[in-house]
Every structure is written in C-alpha cells, then in structure tokens.
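Asker:
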Amino acid sequence: MTPHVTGATVKAADRAHVFHSWSAQALIDPLAVAGAEGSYFWDYDGNRFLDFSSQLVNTNIGHQHPKVVAAVQEQAARLCTLAPGFAVDVRSEAARLIAERTPGDLDKIFFTNGGAEAVENAVRMARLHTGRQKVLSTYRSYHGATAAAINLTGDPRRWPSDTASAGVVHFWGPFLYRSPFHAVTEAEECERALAHLADTLAFEGPQTVAAIILESVPGTAGIMTPPPGYLAGVRELCDRYGI
Ligand SMILES: Cc1ncc(COP(=O)(O)O)c(C=O)c1O
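3 is the number of the first residue of the sequence shown in the numbering used here; add one for each residue after it.
As structure tokens, this is what we get:
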C-alpha cells in the first residue's frame with residue numbers, strides 16, 4: 003500500500019535524499035508543495051501562496067496552463083524522446099517560431115537543457131569562431147553554475163569555484179542607483195559605463211576578446227535595468243573590434 007503522503011513525509015524524503023543547489027544543506031527548510039494553478043501554489047495543509055516570482059521567473063504563463071498541460075500530454079503519448087541526429091516536427095516548429103523573433107539572420111536555434119549549458123556552448127562557439135580566449139562579463143551578474151558559466155558570474159557565488167584561469171575578465175555595468183561612476187543621470191551613467199568598458203577593452207587588448215556576455219536586465223544578481231543606449235553602445239564596441 004502506498005504510504006499516505008503528507009507535507010511531513012515529502013519533507014522527510016527531501017531532507018534525506020535531495021541535494022539542493024546554492025544551499026547550505028543543513029540550514030534549509032524547503033516547503034513541500036502539493037499542487038499549483040494559475041498564479042497560486044499550495045502546500046499539504048491547505049495554505050495557498052501567491053507566486054509573485056513565478057517560481058524561478060520561468061512560469062510566467064501561470065502554473066498548469068491547460069494548453070501547456072495538453073501539449074505535454076499529447077507529445078508524451080506520441081514520441082517522448084529522440085536522439086539529436088534526427089529531425090522532428092515539434093522541434094523544427096519551435097525553432098522556426100524562435101527564429102521569427104530573433105534579429106537579422108540569427109535563424110538557427112541550438113536547444114540546450116538550461117541556461118548554464120547555453121552559456122557554455124555560446125562561449126565555446128565565440129572562442130572557436132574568433133580564435134580568441136577572453137570573455138568579458140559584468141560584476142553583479144549571474145550566468146549559471148557550470149565551469150565557464152560560474153567563472154563568468156560576477157557575484158560572490160563565484161568565489162569558491164573561481165579557477166582564475168577561465169579567460170574571464172569582469173567589468174562594471176551601469177547601475178545608476180549605486181553608480182560605480184558617480185553619475186547622477188541615466189545619460190551620465192550610460193556614457194561613463196561605456197567609457198569604462200572601452201577602457202577595459204583597450205587595456206585587455208580588444209584583439210584578445212572573443213565575446214562580451216551580458217544579461218539585458220540582470221535578474222538573479224539584482225534587477226538592474228540599463229540606461230537607454232547602453233546595450234546599443236556595447237553592440238557598437240563589439241562591432242568595432244570583431245567581438
Ligand atoms: C541570466 C542567467 N543566465 C544563466 C542562468 C543559468 O540557468 P540554469 O539555471 O538553467 O542553468 C540563469 C539562471 O538563473 C540566469 O538568470
């Protein structure tokens with residue numbers, strides 16, 4: 003007979019066998035979630051929670067959206083898995099829909115299992131394509147927890163795993179609220195942050211830099227919306243030096 007599932011049994015099994023990321027394992031107390039729908043999830047004791055963060059900012063369409071659930075069920079019944087060398091209708095269609103929204107001739111989509119793996123592959127591609135090794139990223143950034151991705155990450159979570167040999171150089175991005183550049187307006191912050199990046203490139207040797215990786219709006223290391231013009235300015239610097 004299946005034992006009666008309660009919040010306590012779920013939590014006990016979790017604490018016995020599940021290793022949680024980014025956590026001192028002995029100090030955490032994960033909430034046992036019994037279900038979710040729309041903007042809410044609930045525990046085993048009848049408490050409902052409004053999910054302001056959409057889990058890890060990844061369920062913006064809402065929990066258990068009926069169309070998503072139906073699509074998952076339908077595909078699971080038809081074809082669960084396929085090796086990378088084959089073509090399959092749903093992957094082709096997903097890629098086509100993404101390509102419709104990506105700019106210019108960025109028309110080829112490489113599917114990965116998550117963010118860190120995407121970053122690892124993007125960095126490898128940039129290095130192979132340019133023949134250069136350095137990658138620049140900002141302090142106060144998060145790029146994932148695998149080898150290159152954690153070295154790119156610009157917050158202290160990097161320190162225990164920083165090999166200091168990953169070819170990563172960090173610089174300051176714009177953040178007017180606590181401006182590293184003593185700026186008081188968005189225009190000043192933009193201009194000074196771009197000048198700082200241009201200086202960093204000049205002294206690192208732009209011909210040694212394969213890529214600059216940026217979150218358009220840093221998310222897990224803070225919510226720091228760049229001033230107008232900053233991203234275009236970074237693009238311009240990259241174009242100037244073949245980065
Ligand atoms: C900007 C950014 N890059 C990469 C990652 C890593 O993604 P994943 O946890 O799917 O490996 C995250 C995750 O929060 C992220 O916010």
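The C-beta atom is built at its ideal place from N, Cα and C for all residues, glycine as well.
Over the uninterrupted beta strand (DSSP E) stretch that includes His172, give me the two end residues.
Answerer: Within the sequence shown, the letter at position 170 stands for residue 172. Here the beta strand (DSSP E) through His172 covers Val170 to Phe173.
Asker: Using a Cβ-Cβ cutoff of less than 6 Å, which residues in the same chain neighbour Val121 once the five nearest sequence positions on both sides are dropped?
Answerer: Here residue 121 corresponds to residue number 119 of the sequence shown, with the count starting at 1. Correct list, in chain order: His145, Gly146 and Ala151.
Asker: State yes or no: is the C-beta of Glu217 nearer than 7 Å to some heavy atom of ligand 1?
Answerer: As a working mapping, residue 217 is identified with position 215 in the sequence shown. Result yes, Cβ under 7 Å from ligand 1.
Asker: Using 8 Å as the cut-off, can you tell me whether the region 80-89 makes contact with the region 120-139, which would need three or more C-beta pairs spanning the two stretches below that distance?
Answerer: Too few Cβ pairs lie closer than 8 Å, so no.
Asker: Could you give the distance in angstroms between the alpha-carbon of Thr227 and the alpha-carbon of Val59?
Answerer: In the sequence shown, counting from the first residue as 1, residue 227 sits at position 225. In the sequence shown, counting from the first residue as 1, residue 59 sits at position 57. Approximately 16 Å, taken between the alpha carbons.
Asker: Check each residue's C-beta against every heavy atom of ligand 1 and list, in chain order, those closer than 6 Å.
Answerer: Listed along the chain, these residues meet the criterion: Gly116, Gly117, Ala118, Val121, Tyr144, His145, Gly146, Glu217, Gly221 and Thr222.
Asker: Just confirm the distance between the C-beta atoms of Arg134 and Val236, as a whole number of angstroms; I'd bet it's less than 8 Å.
Answerer: Within the sequence shown, the letter at position 132 stands for residue 134. Within the sequence shown, the letter at position 234 stands for residue 236. Contact doesn't hold; Cβ gap of about 17 Å is too wide.
Asker: Run through the region 182-207 for me and flag every whole alpha helix (DSSP H) of 4 or more residues, listed as ranges in chain order.
Answerer: For the region 182-207, whole alpha helix (DSSP H) runs of length 4 or above, ordered along the chain, are 188-206.
Asker: Consult DSSP for Val7 and reduce its assignment to one of helix, strand or coil.
Answerer: Numbered from its first residue, the sequence shown carries residue 7 at position 5. Val7 falls in the coil class under three-state DSSP.
Asker: At which residue ranges does the region 31-69 contain complete beta strand (DSSP E) runs of 3 or more residues, listed in the order of the chain?
Answerer: DSSP runs (the beta strand (DSSP E)) wholly in the region 31-69: 37-39, 42-44 and 50-52.
Asker: Which runs of the alpha helix (DSSP H), 4 residues or longer, sit entirely within the region 88-148?
Answerer: Correct list: 91-103 and 117-132.
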